[in-house]
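Trainee: Position one of the sequence shown corresponds to residue 703 (this note's numbering), numbered consecutively onward.
Every residue, glycine too, gets a C-beta built ideally from N, C-alpha and C.
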Amino acid sequence: EWVNFIAFYQRIIDRFDMGRSQDVSFKVKLPKDPVYVEIDTDKMTQVLDNIISNALKYSPEGGQIGFKVELKEREKEIVVSVSDQGVGIPRENLKNIFERFYRVDKARTRQLGGTGLGLAIAKEMITAHGGQVWASSVEGRGTTIYFTLPYDPESEDEWA
Ligand code: ATP
Ligand code: MG
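Laid out in structure tokens, this is it:
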């Protein structure tokens, strides 16, 4: 299904903004023009739900969550990111967080709940869409999850 990713992402962000009970603010930076991607919207909703739920779960009171979409026209892909100011992930564990059932610091994450499947499922779905996913993080400062999706730069004009 071809959809304007910007409107699609904005709707998901709005849903989290409405349902939010924590004292966390949202900062959204999206392109103004539509960007058309071919995605399974149910699966991509699940991907974003998993990533945004984590950002909320690991955010401190008063933290900010940043949402971005950047266009890499030459690579014909978009880079979607979700940043938080939470506990962060130690460097040596960064590559493992996309493995099934993997959770950093068992004691800490046990309190917060979850099975350790969210990011593994997200990775599987992003890969199935021809994208990649990775994380950058600084312990005690925050985490950013990035993923790419192929898009057709030409379609911007055709659909406009
Ligand atoms: P589930 O998503 O199944 O409810 P989960 O959130 O623990 O459980 P994942 O979403 O797969 O599992 O994340 C794996 C682990 O990566 C988490 O347990 C946590 O340790 C770490 N992690 C993921 N996102 C963040 C984040 N934004 N900040 C800090 N740690 C994170
Ligand atoms: Mg999760």
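#1: Entirely within the region 748–827 and at least 4 residues each: give me those alpha helix (DSSP H) ranges in chain order.
#2: If you reduce the DSSP assignment to three classes, tell me which class residue 731 lands in.
#3: Below 6 Å CB to CB, which residues in the same chain sit around residue 785 once its five sequence neighbours on both sides are set aside?
#4: Alpha carbon to alpha carbon, how far is residue 722 from residue 732?
#5: In this structure, how does DSSP classify residue 844 when only helix, strand and coil are distinguished?
#6: To the nearest angstrom, report how far apart residue 838 and residue 703 are at their CA atoms.
#7: Taking only heavy atoms of the ligand ATP into account, decide whether any of them is closer than 8 Å to the Cβ of residue 760.
#8: What are the start and end residues of the alpha helix (DSSP H) that includes residue 711?
#9: Residue 787 and residue 758 - do their beta-carbons sit closer together than 9 Å?
#10: Counting by C-beta, which residues lie closer than 6 Å to a heavy atom of the ligand MG, in chain order?
#11: Any heavy atom of the ligand ATP inside 8 Å of the beta-carbon of residue 828?
#12: For residue 852, which residues does DSSP report across the bridge?
#13: Give a single yes or no on whether residue 839 has its beta carbon closer than 8 Å to a heavy atom of the ligand HEM.
#14: Using a Cβ-Cβ cutoff of less than 6 Å, which residues in the same chain neighbour residue 714 once the five nearest sequence positions on both sides are dropped?
#15: Around the Cβ of residue 798, are there at least 16 other Cβ atoms within 10 angstroms (buried) or fewer (exposed)?
Mentor: Based on what the coordinates show:
#1: 808–814
#2: strand
#3: 768, 846
#4: 21 Å
#5: strand
#6: 30 Å
#7: yes
#8: 707–721
#9: no
#10: 752, 755, 756, 816, 820
#11: no
#12: 779
#13: Absence of the ligand HEM is noted for the structure shown, with the ligand ATP and the ligand MG being the only ligands found.
#14: 750
#15: exposed
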